[in-house]
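To start, the structure itself, in structure tokens.
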Amino acid sequence: MQIALAPMEGLVDNILRDVLTRVGGIDWCVTEFIRVCDRLLPASSFDKLAPELRQGARTAAGVPMRVQLLGSDPVCLAENAALACELGAPVIDLNFGCPAKTVNKSRGGAVLLKEPELLHAIVREVRRAVPAHIPVTAKMRLGYDSPDGALDCATALAEGGSAHLVVHARTKVEGYKPPAHWEWVARVQDVVKVPVFANGEIWTVDDWRRCREVSGAKDIMLGRGLVSRPDLALQIAAARDGVEYQPMSWEELMPLLREFWRQAQDKLSPRYAPGRMKQWLAMLTRGYPEAVALFAELRREDDCQRISGLLGMQSQAVEACVA
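All you need for our numbering is the position in the sequence shown, starting with 1, plus 3.
Rendered as structure tokens:
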């Protein structure tokens with residue numbers, strides 16, 4: 004069984020990847036998508052969203068990181084995939100699941116699920132362009148506005164050369180609204196010969212058990228559920244192995260919050276760092292009552308030094324925020 008951390012644009016950046024993989028239980032993670040349009044990107048574009056490439060394509064905790072590309076031009080995607088491999092990407096992942104309107108309007112993400120032939124061409128060209136030992140994988144939704152074409156899309160991706168598929172069990176139109184249709188993961192697995200990961204609406208161990216029962220998938224990808232409960236992968240792994248596990252307490256989580264805030268200040272401007280802190284804290288409110296109280300104190304606060312104080316970091320210098 005593999006447990007992967009999902010790529011989530013604007014949320015799971017290199018800072019949060021670092022912090023979450025320190026907790027444990029995650030077998031691999033994926034970058035936010037790197038947008039490919041009509042040209043070969045400079046190396047700096049990869050470095051911006053995948054700085055882990057400088058350290059062997061692993062997070063500080065040693066968890067492998069894969070590079071995800073998004074676009075619709077098979078040749079251009081192939082050229083950029085080859086460059087990503089030269090820069091150290093151990094796996095190339097292709098995004099056919101992003102539901103964002105701006106992305107879909109420019110022929111990226113889930114809108115391509117309307118064109119199974121194009122999906123096949125993209126994976127085929129990328130597979131041809133990258134070294135044989137480097138896997139090419141794909142993440143898809145069930146469709147744009149209906150799952151009727153999901154099996155055709157999955158078949159196109161697998162036959163194009165995808166080593167495995169991650170299926171977010173909702174359509175683009177459904178976005179992130181529950182429920183996730185895990186039964187479609189089972190249907191996808193029935194028509195392809197490659198492994199299929201289940202993704203979507205796994206917030207708890209009980210959700211994972213239901214997902215496994217309905218989908219039949221042994222491998223999973225966790226997104227918002229893991230961001231909201233940073234030890235969810237460990238909880239699931241313990242349940243899988245039949246061992247007792249005490250979920251992470253708020254006191255155990257606080258050092259991670261402080262580390263996240265430290266890195267946010269180091270890497271982001273004072274204008275944007277508070278927003279990133281609030282974004283993650285808001286998601287933690289789902290699993291931690293203490294996060295609700297802290298978020299209420301922080302939600303209108305934009306002064307970095309005061310935020311540090313609320314996080315119990317008064318003694319730490321905040322050079323970036325007083326510059």
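We treat Cβ as the ideally placed atom computed from N, Cα and C, and that holds for glycine.
Neighbourhood of residue i by C-beta distance below 7 Å, restricted to the same chain and skipping five residues each side
i: P198; result: H167, D222
i: I18; result: F263, Q266, A267, K270
i: L314; result: L260, R261, W264
i: V238; result: For the sequence presented, residue 238 should be read as Gln rather than Val. Taken in chain order, the residues that qualify are V208, Y248, P250.
First and last residue of the uninterrupted alpha helix (DSSP H) at residue i
i: C101; result: Segment: none, C101 is in no alpha helix (DSSP H) and carries neither H nor E.
i: L116; result: First-last for L116: undefined, no H or E at that position.
i: V22; result: 17 to 26
i: V208; result: 208 to 218
i: F49; result: 46 to 52
i: V78; result: 77 to 89
i: A236; result: 235 to 244
i: C40; result: No alpha helix (DSSP H) contains C40, which DSSP labels as neither H nor E.
Bridge partners - residue i, DSSP secondary structure assignment
i: R289; result: Partner(s): none; R289 has no beta bridge.
i: P67; result: R61
i: A7; result: W31, M224
i: F263; result: Bridge partners of F263: none, in fact.
Sequence-distant residues of its chain with Cβ nearer than 8 Å to residue i (five each side left out)
i: G59; result: G91
i: E247; result: A241
Candidates the options: closest to residue i by CA position
i: R20; options: S109, G111, V66; result: V66
i: G245; options: R232, R212, A276; result: R212
i: S231; options: A157, E254, T207, T34; result: T207
i: P277; options: G100, T158, D306; result: D306
i: R243; options: W253, L229, R215; result: R215
i: E82; options: Q192, G28, L44; result: L44
i: E12; options: R57, D96, C101; result: C101
Opening and closing residue of the beta strand (DSSP E) in which residue i lies
i: C32; result: 31 to 33
i: F200; result: 199 to 202
Own chain partners of residue i with C-beta closer than 6 Å, once the 5 adjacent residues on each side are dropped
i: V217; result: W185, E186
i: A64; result: T24, R25
i: Q5; result: D30, D222
i: I37; result: L52, L72
Notebook entry, point to check: Going along the chain, which unbroken runs of the beta strand (DSSP E) with 3 or more residues stay wholly within the stretch 129 to 191?
Noted result: With a minimum length of 3 residues, the continuous beta strand (DSSP E) runs that stay inside the stretch 129 to 191 are 139 to 144, 168 to 171.
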